[in-house]
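Written below as structure tokens is the structure these notes are about.
Protein chains: 2
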Amino acid sequence: MKDPGRRPTPFPRRGHNHAKCVRHALVAAAELCARQGERLTPLRRRVLELVWSSHQPIGAYAILDRLKTDGRSAAPPTVYRGLEFLLEQGLVHRIASLNAFIGCADPGHAHSVQILICTQCGAAAELDDGRVNKALGRSAAENGFSVEGRIVELSGVCGSCRGGGDRARAGHRPHVA
Amino acid sequence: MKDPGRRPTPFPRRGHNHAKCVRHALVAAAELCARQGERLTPLRRRVLELVWSSHQPIGAYAILDRLKTDGRSAAPPTVYRGLEFLLEQGLVHRIASLNAFIGCADPGHAHSVQILICTQCGAAAELDDGRVNKALGRSAAENGFSVEGRIVELSGVCGSCRGGGDRARAGHRPHVA
DNA sequence: GCGGTTGGTGTTATATTATAACATTAACAC
DNA sequence: GTGTTAATGTTATAATATAACACCAACCGC
Numbered sequence: 009m010k011d012p013g014r015r016p017t018p019f020p021r022r023g024h025n026h027a028k029c030v031r032h033a034l035v036a037a038a039e040l041c042a043r044q045g046e047r048l049t050p051l052r053r054r055v056l057e058l059v060w061s062s063h064q065p066i067g068a069y070a071i072l073d074r075l076k077t078d079g080r081s082a083a084p085p086t087v088y089r090g091l092e093f094l095l096e097q098g099l100v101h102r103i104a105s106l107n108a109f110i111g112c113a114d115p116g117h118a119h120s121v122q123i124l125i126c127t128q129c130g131a132a133a134e135l136d137d138g139r140v141n142k143a144l145g146r147s148a149a150e151n152g153f154s155v156e157g158r159i160v161e162l163s164g165v166c167g168s169c170r171g172g173g174d175r176a177r178a179g180h181r182p183h184v185a
Numbered sequence: 009m010k011d012p013g014r015r016p017t018p019f020p021r022r023g024h025n026h027a028k029c030v031r032h033a034l035v036a037a038a039e040l041c042a043r044q045g046e047r048l049t050p051l052r053r054r055v056l057e058l059v060w061s062s063h064q065p066i067g068a069y070a071i072l073d074r075l076k077t078d079g080r081s082a083a084p085p086t087v088y089r090g091l092e093f094l095l096e097q098g099l100v101h102r103i104a105s106l107n108a109f110i111g112c113a114d115p116g117h118a119h120s121v122q123i124l125i126c127t128q129c130g131a132a133a134e135l136d137d138g139r140v141n142k143a144l145g146r147s148a149a150e151n152g153f154s155v156e157g158r159i160v161e162l163s164g165v166c167g168s169c170r171g172g173g174d175r176a177r178a179g180h181r182p183h184v185a
């Protein structure tokens, strides 16, 4: 997101207060829906909460399983409808390369983002770098192409997993080949 | 293979000699495999030919159907193995947003490309714009992320479709510089 | 309230995409 | 030729996604 102060990483710290992330996402969603005149029903809210259950992208069927353990009646369309709504509202992003979903860190603002996917910890984060968007737009325009939608997904290793930042020390990560 | 002169569009003209595209792709593939010491078997060659049967991305099961009508014994793994090989050699690209495949226009050179997908004619083309790659790399690096793989897929309208069919027929050049 | 309309959800079935696991055959090395 | 490996054949199933129709509840105009 556009943070004037440069952040070392858009990935959350290990051991951060994740409940806060979830709470914030739900509040922001409620506000956004209220503004838009859209209904954040209990089901939709619950799907969003499940998407936010971690910073790792979650698949539709994982969400489905968790809805079922809620005791709720649920089938694939239940989940996909919820996700469709959340996607339309810009509350979640779909990650095409994983067939999975992640909560949008900046709903209502970021409409075209670059997704970073850490192959080591599995977390995904988003950027919205104007220079990237500009370069993409210019490149397309020069080639006679008028852009409607963009998918940008980078896989690699996040700063934390690389050992650079705050948490390499704290923790120790599983050996992943 | 990399054309230093800028082209008005990376999309082929309507009515171009497509047989030539296919022939060229197959020759280039044979050469590349020879150089790499890899085996372009009849099956792999046929899968590549089918991927190149048009400039529209083709799904694995469409390839499968066509293999079957060849009279050849074929099942999903047949196709996916062929595609896996071709992907490894850089002879085809997978388009994550479509679950489909397209022949690589510049095998052996372009390893990280931007895919343009025309929502009107369904064709896909690729670019390898250094400025885009640079912007992506810089953006990631500034955020502590070390990039391993990139997926960039832009959907929109290609130059030929933007002006209506007439321009494409006439071989008209899109106006954007 | 009543009745119609709409949007959301429930439910069943099926389509689409992809891989696991093991058997068989072809190519090559010696 | 025989053993080894790579490639393909074959069967089964996993994983992802949507179609189609039924039901219900909220809202709307009256």
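Chains X and R supply the protein sequences, listed in that same order.
Offset between the first sequence (1-based) and the numbering used here: plus 8.
Offset between the second sequence (1-based) and the numbering used here: plus 8.
Glycine included, C-beta positions come from ideal geometry on N, C-alpha and C.
query, result
"My understanding is that R:G157 touches R:A108, with C-beta atoms under 8 Å, so please give their C-beta distance in whole angstroms.", "Contact flag wrong, Cβ pair sits at about 18 Å."
"Looking at R:A143 and X:R139, is the spacing between their C-beta atoms short of 8 Å?", "yes"
"When you check each C-beta in the stretch 107-123 of chain X against every C-beta of chain R, which residues fall closer than 8 Å?", "Q122"
"For X:N25, count the other beta carbons within 10 Å of its own beta carbon; 16 or more makes it buried, fewer makes it exposed. Which is it?", "exposed"
"Excluding the five sequence neighbours on either side, which residues of its own chain have a C-beta within less than 8 Å of the C-beta of R:K28, listed in chain order?", "none"
"Do X:L135 and X:P18 have their C-beta atoms closer together than 8 Å?", "yes"
"Taking only beta-carbon atoms, is X:N151 less than 8 Å away from chain R?", "yes"
"Quick one: any contact between the stretch 160-168 of chain R and the stretch 150-165 of chain X, if contact means 3 or more CB pairs under 8 Å?", "yes"
"Hey, is X:L95's beta-carbon within less than 8 Å of any beta-carbon in chain R?", "no"
"Unbroken beta strand (DSSP E) runs of length 3 or more, entirely within the stretch 102-129 of chain R: which are they?", "108-111 and 122-126"
"DSSP on X:G138, reduced to helix/strand/coil?", "helix"
"Listing by chain order, which chain R residues have their CB less than 7 Å from the CB of X:C166?", "G152 and F153"
"Specify, as a first and last residue, the run of the beta strand (DSSP E) that R:S163 falls within.", "S154 to V165"
"Excluding sequence positions up to five away, which residues of its chain have a Cβ less than 7 Å from the Cβ of X:A82?", "L72, L75 and K76"
"By DSSP's criteria, R:V35 is part of a beta bridge. Which residues make up the other side?", "According to DSSP, R:V35 bridges with nothing at all."
"Just reading off the alpha helix (DSSP H) that R:T187 is part of, what are its end residues?", "Residue 187 of chain R is absent from the model: chain R starts at 9 and stops at 185."
"Given this structure, state the Cα-to-Cα distance separating X:P50 from X:E96, to the nearest angstrom.", "17 Å"
"Am I right that X:G90 and X:P115 are in contact with their C-beta atoms under 8 Å? What's the rounded C-beta distance?", "So it is not a contact: roughly 15 Å between Cβ atoms."
"Can you list, in chain order, the residues of its chain with a C-beta nearer than 7 Å to that of X:V55? Leave out the 5 residues immediately preceding and following it.", "I71, V87, G90, L91 and L94"
"Of the residues R:S62, R:R47, R:E39 and R:E46, which one's Cα is nearest the Cα of R:G23?", "R:S62"
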